[in-house]
Each structure stands twice: as structure tokens, then as C-alpha cells.
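Taking it in order: structure first as C-alpha cells, then the write-up.
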Amino acid sequence: MTDLLIIGGGIMGLWAGVMAERAGLKTLIVERDVIGAGASGGVLGALMPHMPDRWNAKKQFQFDALISLETEIAALEAETGLSAGYRRSGRLMPLAKPHLRTIALRHEQDALVNWRAGDRQFYWRVRDRSPVDGWLDNGVAESGVVFDTLAARVAPRPFLAMIATYLRQSQRVRIEEGRQFTHIDPVAGRADFADGRSEIFGACIIANGVDAFPLLDGLMGGSGSSGAAVKGQAALLKADIDPGLPVVFTDGLYVVPHENGMVAVGSTSENTFATPFSTDEQLDALLVEAAELVPLVRGAQVIERWAGLRPKAIGRDPMAGRHPDHPRIHVLAGGFKISFGIAHRLAEAVVGEICGKADDALPVSFRCEAHFDQMKS
Ligand SMILES: Cc1cc2nc3c(=O)[nH]c(=O)nc-3n(C[C@H](O)[C@H](O)[C@H](O)COP(=O)(O)OP(=O)(O)OC[C@H]3O[C@@H](n4cnc5c(N)ncnc54)[C@H](O)[C@@H]3O)c2cc1C
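In the numbering used here, the protein residues as written are 994 to 1370.
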């Protein structure tokens, strides 16, 4: 018997493990393949805030999460002696048209009000040209640039490895790779596995990425779909660049400088696809665009081309919390494009709920009920 069974060894499942460890729960994390085998094992690792305008509970939750992540990572780095490749390097966004500059100037004011954490102020600065020479091609920024000081980046694989190492040192949390969950009895609290074994659990967190949706649909009797997979392709390049350079972002294209001369470029966003894990000419096109935007990556060696499936819940927002019909079952899924910045806070809320503590900061639209209502409508 385990207090808590966590299905999935991605960023969501691992943070759930950290929170369970802190809560003193005897926990088993099962991963059908290896840690990071799913979407979390990619290359990009951009930690991008929402726009600073039209502030709401969702934006506040993500803002607070992006701030607290810094402290969380520092603590785990100190515990493990490993690096997550985290840096608050900021973000540059070229402004190609005058009207975009007008809007950006409004956001500059919004950020002064909304991007505050205690005595820390983060900025959305509008400038005539990039504050960093030789990084962004100024030809693409005819109306100036935005430089935001809140955005950060993390190296996905070292980050996962660091959390997994922390958990493996724990007396309470066990990670079992190569264990595929196949069936759940939510009333009895029993999970069955492909290896023929079963686990009895007090609570279970479903955190298995895109595979969470068919599992949840099955629990609801198979009517409707609670979410879908959105394919993304990205690449890792080797270039002679300063790791402190800011992330460049425009129109869905990210250029993310990492440590040791690595630069990630991403990502496509594909709602329909024939082959989930292969890369194609869409990634080639993205690499061409990246080279136009950032001269330093022109001619850089492509180290890796990678594709994965993002979990997008029906309500578009992350899905977190207790299942409305099955009190033992909890969900931590649907992080879509922002999981890395918020997974620790979602996990804290979900594990807190299991331990009887409500987290009022969790936006209502994240709750399972909100998503399931959309399935019915
Ligand atoms: C190209 C691309 C770029 C991205 N860039 C960013 C970015 O810059 N910033 C950001 O925040 N997000 C980004 N994302 C999104 C992010 O990667 C995902 O939202 C996140 O990784 C989802 O984490 P997860 O733990 O929910 O799922 P996953 O990482 O997919 O983990 C789920 C795990 O569950 C396991 N599993 C599945 N079924 C079972 C089973 N039956 N039994 C046991 N285990 C099972 C899988 O093997 C997998 O390891 C990107 C995604 C892609 C594809």
C-alpha cells in the first residue's frame, strides 16, 4: 500500500513527487519508459510570462510561479549539487510595425503595476534598438524592441535529472521506470500494470502527459475528449554565444541561449500530424527564420532535431486537482506550452488538496470540473 501513486515521470509527475516528499507521503512514481521520455525531455526550456495587460487570477498564478521557481530550483541545486541550467536571462521581442510599438508602450505601464513581487520589479521595456549588440538583427525590429526582465530559461533534461536525483535520495519517494500503468480502479484504489503487478494506493495523481486524456475519458465513460496532443518540433544548435544572452521571441519562434554554447530553436505547433516524433521541413523552415532573426546562429551546427507532444486540455488551461467523481483520483496535466514555469505550483496545490489543504490561488478554470463542464457543453 502506498499513500500516493503518481503516474508519469515528466515535469508534472516529478514536481508532484517533490511536494509529496515534503508532505511526508509514502509515494511511488511510475514511468512507463524513462524519466523525461515524454514532452518534458525536449530542448527548449523557455519560461515565458503572460502579457502584463488585462491582469487576472491566471496571470497572477503564473507570475508567482515564475518567481518562486527560482527559489525552488536553487534549493534543489543545493541539495543535489547539480545544475538545472536555469537563468533569468530576459526576453527580446522585435517590434516590426509602429502600431506594435504603441501597444508595447501600454504594456510597459501595465508591467509596472502587475509585474511586482514584494520589492522586486520586473520590466517590459520598449527601446529603439536591442540593448544587446550583435544578437537580434536590428533589421527585423524597425519599430524597436521590447526587453522583458521577467522571462527565464531552464535546461529541460538537466532539470529533470536534478529533480529525479533529489527524489532518489528520499526515503519516502520511489521512482520505478519501465513500469507501464494499464488500468485503474478508482473506487478500490488499485492500479494495474503491464508487468502483471498491481498497486494499492490512498490517492493517485494522473500526470502522464497526453496519455492522461484517454485515461480520464475512460473514467468518464468514454463520452467526449478531455484534451488533445499538439505536436511541436525544435532543434538544439551549437554556437559560440554568451549563455547570458536573452531569449528572442517573435510569432511563436523562440531562440533560447543555454549554457556551453547551446542554443535551442523552437517550436512548431501542429494540431494534426501523421508522425508524432519525427521532424520535417517545418523545422527546417523554423531554423531559416531563426537565422534571419539572430545572425549568430547562422551556420551553427545542428546537434539535435527533436519532436514531442504537448498536452492541451479541452479548456486550454492546465488541468489540476481532484477528480469530481472519484475522490482518490487527482489530475496534473494539460500544461500545454507553459508546464515548466508552473508545474511546481500546480503540484503543490494538488498534493496540498490530497493532504486536506485548499489552495485558493489555483484558478477556477484549472480545476477538473471546469474542463469537464466544457466536455459536456
Ligand atoms: C517542441 C516543444 C517545445 C516546448 N517548449 C516548451 C517551453 O519552452 N516551455 C514550457 O514550459 N513548455 C514547453 N513545452 C511543453 C512542455 O514540454 C509540456 O507541457 C510538458 O513537458 C508536459 O509535461 P508532463 O509531465 O505533463 O508530460 P510528459 O513530459 O509527456 O510526461 C508524461 C510521462 O508519462 C509517461 N506515461 C505515459 N503513459 C504512461 C503509463 N500508462 N504508465 C506510466 N507512465 C506513462 C510518459 O512516458 C511520459 O514520460 C514544449 C513542448 C514541445 C513539444
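Every residue gets a Cβ at the ideal spot worked out from N, C-alpha and C, and that includes glycine.
The model shown is predicted, which means the values in this text are computed figures rather than measured ones.
- Message: Just verifying my parser: in three-state terms, what is the DSSP assignment at Thr1268?
- Response: Within the sequence shown, numbered from 1, the residue matching residue 1268 stands at position 275. In the structure shown, Thr1268 sits in coil (DSSP, three-state: anything other than H, G, I, E or B).
- Please determine, among Asn1107, Gln1275 and Val1258, the residue with the shortest C-alpha to C-alpha distance to Phe1266. Locating residue 1266 in the sequence shown gives position 273, counting from the first residue. For the residues Asn1107, Gln1275 and Val1258, the minimum Cα distance to Phe1266 belongs to Gln1275.
- Could you have a look at Gln1294 and say whether DSSP puts it in helix, strand or coil? Numbered from 1 along the sequence shown, position 301 holds the residue referred to as residue 1294. Here Gln1294 sits in strand by DSSP.
- Query: Does the distance from the C-beta atom of Leu1325 to that of Ala1313 stay below 9 Å?
  - Reply: Numbered from 1 along the sequence shown, position 332 holds the residue referred to as residue 1325. Numbered from 1 along the sequence shown, position 320 holds the residue referred to as residue 1313. Yes, they are a contact pair.
- Item | Delimiting residues of the beta strand (DSSP E) encompassing Ala1089 | Within the sequence shown, numbered from 1, the residue matching residue 1089 stands at position 96. No beta strand (DSSP E) holds Ala1089; DSSP gives it neither H nor E.
- Check whether the Cβ atoms of Gly1334 and Ala1058 sit closer than 9 Å, and answer yes or no. For this step, residue 1334 is matched to residue 341 along the sequence shown. For this step, residue 1058 is matched to residue 65 along the sequence shown. Yes.
- Message: Measuring only the C-alpha atoms, how far is Ala1300 from Ala1030?
- Response: Numbered from its first residue, the sequence shown carries residue 1300 at position 307. Numbered from its first residue, the sequence shown carries residue 1030 at position 37. Cα to Cα, Ala1300 sits roughly 11 Å from Ala1030.
- Item | Candidates Ala1232, Ala1067, Gly1225 and Ser1218: closest to Leu1246 by CA position | Along the sequence shown, one-based indexing puts residue 1246 at 253. Of Ala1232, Ala1067, Gly1225 and Ser1218, the residue nearest in Cα terms is Gly1225.
- For the alpha helix (DSSP H) containing Ala1050, list its first residue and its last residue. Taking the first residue of the sequence shown as position 1, residue 1050 is located at position 57. Counting along the chain, the alpha helix (DSSP H) containing Ala1050 begins and ends at Ala1050 to Thr1073.
- Ordered list of alpha helix (DSSP H) runs contained in the stretch 1132 to 1187, each at least 4 residues: 1149 to 1161
- Quick one: what's got a C-beta closer than 6 Å to Arg1360's C-beta in the same chain, skipping five residues either side? Taking the first residue of the sequence shown as 1, we reach residue 1360 at position 367. Taken in chain order, the residues that qualify are Gly1314.
- Who are the near neighbours of Pro1179 in its chain, counting only those whose CB is closer than 7 Å to its CB and skipping five residues on each side? Residue 1179 sits at position 186 when you count from the first residue of the sequence shown. Contacts found: Leu1212, His1319, Arg1321 and Ile1322.
- Item | 6 Å Cβ shell around Thr1272 - same chain, five flanking residues per side excluded | Position 279 of the sequence shown, counted from the first residue, corresponds to residue 1272. Within the same chain, Thr1272 has close Cβ partners Gln1226, Arg1298 and Ala1300.
- Less than 9 Å separating the beta-carbons of Val1223 and Ser1191? Counting from one through the sequence shown, the residue named residue 1223 turns up at place 230. Counting from one through the sequence shown, the residue named residue 1191 turns up at place 198. Cβ atoms of Val1223 and Ser1191: not closer than 9 Å.
- Query: Are Val1147 and Ile1066 closer than 9 Å when you measure CB to CB?
  - Reply: As a working mapping, residue 1147 is identified with position 154 in the sequence shown. As a working mapping, residue 1066 is identified with position 73 in the sequence shown. It is a contact, given that the beta carbons lie within the stated cut-off.
- May I ask whether a heavy atom of ligand 1 can be found less than 8 Å away from the beta carbon of Gln1055? As a working note, residue 1055 is residue 62 in the sequence shown. No, Cβ of Gln1055 sits at least 8 Å from all heavy atoms of ligand 1.
- Task: Could you tell me the boundaries of the alpha helix (DSSP H) in which Leu1339 lies?
- Result: Here residue 1339 is taken as the residue at index 346 of the sequence shown, counted from 1. Counting along the chain, the alpha helix (DSSP H) containing Leu1339 begins and ends at Ser1332 to Ile1347.
- Message: Counting C-beta neighbours from all protein chains within 10 Å, is the total for Thr995 16 or more, i.e. buried, or is it exposed?
- Response: Numbered from 1 along the sequence shown, position 2 holds the residue referred to as residue 995. Under this definition Thr995 is a buried residue.
- Proximity below 9 Å, CB of Trp1117 to CB of Ala1089: Residue 1117 sits at position 124 when you count from the first residue of the sequence shown. Residue 1089 sits at position 96 when you count from the first residue of the sequence shown. No, the Cβ-Cβ distance between Trp1117 and Ala1089 is not below 9 Å.
- Query: Cα-Cα, which of Phe1174, Asp1277 and Leu1007 is closest to Thr1020?
  - Reply: As a first step, residue 1020 is located in the sequence shown; it is residue number 27 there, counting from the start. When only C-alpha atoms are compared, the closest one is Leu1007.
- Query: Quick one: what does DSSP say Ile1004 is sitting in, helix, strand or coil?
  - Reply: Taking the first residue of the sequence shown as position 1, residue 1004 is located at position 11. If DSSP states are grouped into helix, strand and coil, Ile1004 belongs with the helices.
- Query: Are Pro1149 and Ile1004 close, meaning C-beta to C-beta below 9 Å?
  - Reply: The residue given as residue 1149 occupies position 156 in the sequence shown. The residue given as residue 1004 occupies position 11 in the sequence shown. Contact flag set, yes.
- Message: Shorter than 8 Å, the distance from the beta carbon of Asn1201 to the closest heavy atom of ligand 2, or not?
- Response: Ligand 2 is not among the ligands present in this structure, which contains only ligand 1.
- Message: Are there any heavy atoms of ligand 1 lying less than 8 Å away from the beta-carbon of Thr1064, as far as the coordinates show?
- Response: Residue 1064 sits at position 71 when you count from the first residue of the sequence shown. Answer for Thr1064: no, Cβ out of range of ligand 1.
- Verify whether the separation of the beta carbon atoms of Met1152 and Arg1084 is less than 9 Å. Residue mapping note: residue 1152 aligns to position 159 of the sequence shown, counting from 1. Residue mapping note: residue 1084 aligns to position 91 of the sequence shown, counting from 1. Checking the sequence, you will find Phe at residue 1152 rather than Met. No.
- Message: Looking at Val1258: is its Cβ nearer than 9 Å to the Cβ of Leu1289?
- Response: Taking the sequence shown and counting its residues from 1, one reaches residue 1258 at position 265. Taking the sequence shown and counting its residues from 1, one reaches residue 1289 at position 296. No, the pair does not count as a contact, with Cβ atoms beyond the cut-off.
- Skipping 5 residues on each side, what residues in its chain have a beta carbon closer than 7 Å to that of Val1203? Against the sequence shown, residue 1203 aligns to sequence position 210. Cβ within range, chain order: Ala1222, Leu1302 and Pro1304.
- Message: Mapping the DSSP letters down to three states, classify Ile1096 as helix, strand or coil.
- Response: Here the question's residue 1096 lines up with position 103 in the sequence shown. Three-state result, Ile1096: helix.
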